[in-house]
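In our numbering, the protein residues as written are 32 to 113. Below you'll find the structure, written out as structure tokens, and then a few comments.
Structure below.
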């Protein structure tokens, strides 16, 4: 998760913004031509960086509250790490 959002939403947002930039550049007069391989490479590289950031192991510090999900039939708990 990045900024409280799932990784796939961050990547999708980047792809949407980057796609809009490509469309705008293609519609300028005279049009700027961008090879599809370049677009794919930029999105792939950005996605790799996002996955490196998002897939780090979570850390819990002293004083943090953690929600403990228990087996079905038992109430879930919120505990404070000591």
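Each residue gets a CB set at the ideal place from its N, CA and C atoms; glycine is no exception.
- A buried status is given to residue 41, since no fewer than 16 other beta-carbon atoms sit within 10 Å of its beta-carbon.
- Annotated three-state conformation of residue 96 is strand, per DSSP.
- Straight through space, the alpha carbons of residue 69 and residue 55 are spaced by roughly 16 Å.
- The alpha-carbon separation between residue 100 and residue 50 amounts to approximately 40 Å.
- Assigned with DSSP and collapsed to three states, residue 63 falls in coil, not helix or strand.
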